[in-house]
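Have a look at the structure below before the remarks.
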Amino acid sequence: MNYVTLLQKQAREKPDTPYIILHDRQITYRKACEDVSGFITTAWKSRFPKQGKTTVLIRTKDLYHQLMAFLAVMEAGQIPIIGHFDLPEAAEKELVKKNGIGFILTETERGWQLTQTTGSNTQTPYPEACMGVLSSGSSDVPKVMYRTYQSWGGFIPEQNRKFRIDGDAVVFAEGSFSFTGNLSIWASVLYAGCTLLVSGQFSCRQWLDMIQRHKASVLYLVPAKLKALARYLTQECSSVKMILAGSQLLGSQTAERLKQYFPESEIILYYGASELDYITWLDYEEMLRFPESVGKPVPGVRVWVEDGLIYIDTPYHVEGLEQPCTLHDTGYFNEEGYLIFNGRESDIINKGGFKISCTKIENALCSIPQVAEAVVIPYDDAERGQEAAAFVVCEKDISRRELRQRLKNILMQQEMPKKIVLTDKIPLNSRGKPDKEALKKLAVIDVSPSE
């Protein structure tokens with residue numbers, strides 16, 4: 002079983018059901034199956050290894066074409082990987098070199114081009130894998146990880162029940178399928194034989210238009226995008242039954258506003274990873290009780306904390322990843338058994354022996370009513386080694402001095418960010434994560450703590 006056979010099954014059983022709806026196109030399951038089967042040419046197939054599998058990196062901004070090429074490469078017996086289209090050229094070259102990528106499949110103005118690399122004779126070390134995925138961090142060269150069908154497919158029935166993704170669902174998402182969160186939701190839709198509604202633009206007005214026009218029943222957006230969407234909500238939308246968010250904390254203010262304008266919806270926040278799958282989750286009521294939590298373990302997954310690091314033992318993981326494992330995320334369980342997430346180990350600042358969590362500072366900022374979004378990152382300081390820089394989007398006017406006064410009631414003096422940068426929006430990469438390289442450039446601005 003793989004995702005090509007799933008598409009073929011749905012094309013037989015639901016040929017005229019919309020498979021994917023974009024802002025400018027609608028494709029049925031029948032049409033998608035035809036597009037996939039006719040995509041890989043005989044000439045291209047002759048260049049692939051006669052035995053074994055090699056990797057094919059797919060480069061295109063067109064969201065439907067990402068999925069079409071992904072399935073076509075899989076049907077040809079190779080390992081497809083959807084590339085991050087905003088990855089710098091030097092980082093992509095390093096990715097290809099380090100991971101022995103065999104071919105690069107690029108969509109240009111003149112059509113598709115298949116380029117053979119020096120790794121074309123390199124076979125994947127995991128012959129049971131059907132696809133590759135990239136890590137979705139905010140900087141550096143992403144990692145290539147290999148997945149079998151079962152590593153996601155084994156949990157899809159459980160997550161679809163939880164997420165209300167059934168044969169009649171219309172599921173909205175935004176952005177590239179190189180982001181494993183989006184690709185996982187696509188796999189859930191394909192499994193259910195329902196409809197994926199996708200926007201390729203960061204435009205809250207377009208999102209709302211598509212959601213309302215096509216009566217979306219499930220919304221999947223990372224918290225940063227949900228926070229942006231919440232500021233545009235002016236009227237109720239009763240078609241939405243489920244709102245899914247992951248990768249970052251959502252915050253009770255945003256959850257309450259979403260619930261106000263999507264009154265029929267459940268809201269679920271999950272903690273997951275590209276290397277694994279879903280790890281923990283919690284619902285709206287739990288979110289209000291424990292706004293700093295990412296919930297309790299999902300069925301079949303064990304989670305515990307040792308020396309501040311979160312450890313996971315799960316059957317749903319990429320190939321070659323021994324279990325149990327840690328992703329070097331930090332946190333602890335509260336008395337009620339909910340996992341409190343303190344951020345990546347790399348986001349913990351050690352200032353004179355005192356450890357500071359960037360996530361804790363973000364949560365403190367987001368608890369201030371005037372603050373819509375906040376991201377906190379470490380930066381190198383000439384005097385103290387590392388300090389915290391906070392980037393804040395405000396809904397109402399508030400000065401840096403006022404923000405600092407509010408924070409003094411929440412944080413210890415050592416935890417106060419040295420720099421606070423007020424900005425109109427948080428820059429995001431194509432995976433919906435804060436663009437830390439762009440933020441570091443903003444942090445160069447010398448903002449005095451007394452301002």
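Here our numbering is used: the first residue of the sequence shown is 2, the next is one more, and so on. Built from N, CA and C at the ideal position, the CB exists for glycine as well.
Measuring only the C-alpha atoms, how far is residue i from residue j?
{"i": "Tyr192", "j": "Leu8", "result": "8 Å"}
{"i": "Val372", "j": "Glu35", "result": "49 Å"}
{"i": "Met132", "j": "Met75", "result": "7 Å"}
{"i": "Val172", "j": "Gly273", "result": "19 Å"}
{"i": "Ala70", "j": "Glu93", "result": "19 Å"}
{"i": "Gly39", "j": "Asp308", "result": "53 Å"}
{"i": "Ile105", "j": "Val57", "result": "6 Å"}
{"i": "Thr18", "j": "Ala12", "result": "8 Å"}
{"i": "Val134", "j": "Asn161", "result": "21 Å"}
{"i": "Ile411", "j": "Val219", "result": "35 Å"}
{"i": "Phe180", "j": "Asp381", "result": "29 Å"}
{"i": "Ala33", "j": "Pro16", "result": "9 Å"}
{"i": "Phe178", "j": "Lys54", "result": "22 Å"}
{"i": "Leu429", "j": "Asp210", "result": "22 Å"}
{"i": "Ser253", "j": "Thr360", "result": "15 Å"}
{"i": "Gln52", "j": "Lys260", "result": "53 Å"}
{"i": "Glu95", "j": "Val142", "result": "7 Å"}
{"i": "Tyr20", "j": "Leu443", "result": "41 Å"}
{"i": "Ser451", "j": "Asn100", "result": "Because the pLDDT at Ser451 is just 42, under 50, the model does not fix this residue reliably, and the value given afterwards should be weighed accordingly. Cα to Cα, Ser451 sits roughly 48 Å from Asn100."}
{"i": "Glu1", "j": "Leu68", "result": "Because residue 1 is not part of the residues shown, which for the chain are 2 to 452, the question remains open."}
{"i": "Ser1", "j": "Gln114", "result": "The structure shown does not extend to residue 1, since the chain spans only 2 to 452, so no value can be given for it."}
{"i": "Ala229", "j": "Trp208", "result": "11 Å"}
{"i": "Thr255", "j": "Lys144", "result": "32 Å"}
{"i": "Ile157", "j": "Met2", "result": "14 Å"}
Closest Cβ-Cβ distance between residue i and chain B: below 8 Å?
{"i": "Gly194", "result": "Going by chain labels, chain B is absent from the structure shown, which holds only one protein chain."}
Can you say whether residue i is buried or exposed, counting buried as having 16 or more other CB atoms within 10 angstroms of its CB?
{"i": "Tyr333", "result": "exposed"}
{"i": "Asn343", "result": "buried"}
{"i": "Arg60", "result": "buried"}
{"i": "Leu289", "result": "exposed"}
{"i": "Phe392", "result": "buried"}
{"i": "Gly103", "result": "buried"}
{"i": "Lys409", "result": "exposed"}
{"i": "Trp305", "result": "exposed"}
{"i": "Arg148", "result": "buried"}
{"i": "Pro300", "result": "exposed"}
{"i": "Met243", "result": "buried"}
{"i": "Gly154", "result": "buried"}
{"i": "Gln213", "result": "exposed"}
{"i": "Ala174", "result": "buried"}
{"i": "Lys426", "result": "exposed"}
{"i": "Asn335", "result": "exposed"}
{"i": "Thr42", "result": "exposed"}
I'd like the span of the beta strand (DSSP E) that includes residue i, first residue to last.
{"i": "Asn364", "result": "No beta strand (DSSP E) holds Asn364; the alpha helix (DSSP H) holding it covers 359-367."}
{"i": "Asn351", "result": "349-352"}
{"i": "Gly296", "result": "294-298"}
{"i": "Lys420", "result": "420-423"}
{"i": "Tyr30", "result": "Run containing Tyr30: none in the beta strand (DSSP E); it sits in the alpha helix (DSSP H), 30-38."}
{"i": "Gly53", "result": "That residue, Gly53, is in no beta strand (DSSP E); it is neither H nor E in DSSP."}
{"i": "Cys326", "result": "326-334"}
{"i": "Pro19", "result": "19-22"}
{"i": "Glu246", "result": "The residue asked about is misnamed: residue 246 is Ala in this sequence, not Glu. Where Ala246 is concerned, the enclosing beta strand (DSSP E) stretches over 243-247."}
{"i": "Asp314", "result": "310-314"}
I'd like to check one pair, residue j with residue i: are the Cβ atoms closer than 8 Å?
{"i": "Ser240", "j": "Ala217", "result": "yes"}
{"i": "Val97", "j": "Thr118", "result": "yes"}
{"i": "Leu283", "j": "Ala246", "result": "no"}
{"i": "Arg407", "j": "Leu423", "result": "no"}
{"i": "Ser347", "j": "Ser136", "result": "no"}
{"i": "Tyr262", "j": "Leu222", "result": "no"}
{"i": "Leu197", "j": "Trp187", "result": "yes"}
{"i": "Arg258", "j": "Ala225", "result": "no"}
{"i": "Lys46", "j": "Ala77", "result": "yes"}
{"i": "Val295", "j": "Leu340", "result": "yes"}
{"i": "Gly201", "j": "His24", "result": "yes"}
{"i": "Ile82", "j": "Thr125", "result": "no"}
Where do the N-terminal and C-terminal ends of the alpha helix (DSSP H) with residue i fall, by residue?
{"i": "Phe71", "result": "64-76"}
{"i": "Met288", "result": "285-290"}
{"i": "Ala174", "result": "Note, Ala174: premise wrong, no alpha helix (DSSP H); beta strand (DSSP E) at 171-175."}
{"i": "Lys99", "result": "90-100"}
{"i": "Phe1", "result": "With the chain running from 2 to 452 in the structure shown, residue 1 is simply not present."}
{"i": "Phe164", "result": "157-164"}
{"i": "Met413", "result": "From DSSP, Met413 is part of no alpha helix (DSSP H); its letter is neither H nor E."}
{"i": "Val5", "result": "4-14"}
{"i": "Pro81", "result": "Looking at the DSSP string, Pro81 is not in any alpha helix (DSSP H); the run it does join, the beta strand (DSSP E), is 80-83."}
{"i": "Ser253", "result": "253-262"}
{"i": "Met211", "result": "205-214"}
{"i": "Ala44", "result": "43-48"}
{"i": "Gln151", "result": "151-154"}
{"i": "Ala229", "result": "224-231"}
**OP:** Count the CB pairs spanning the stretch 308-324 and the stretch 385-396 that are closer than 8 Å, and state whether there are at least three.
**Re:** Taking a cut-off of 8 Å for Cβ pairs, the stretch 308-324 and the stretch 385-396 do not touch, as fewer than three such pairs fall below it.
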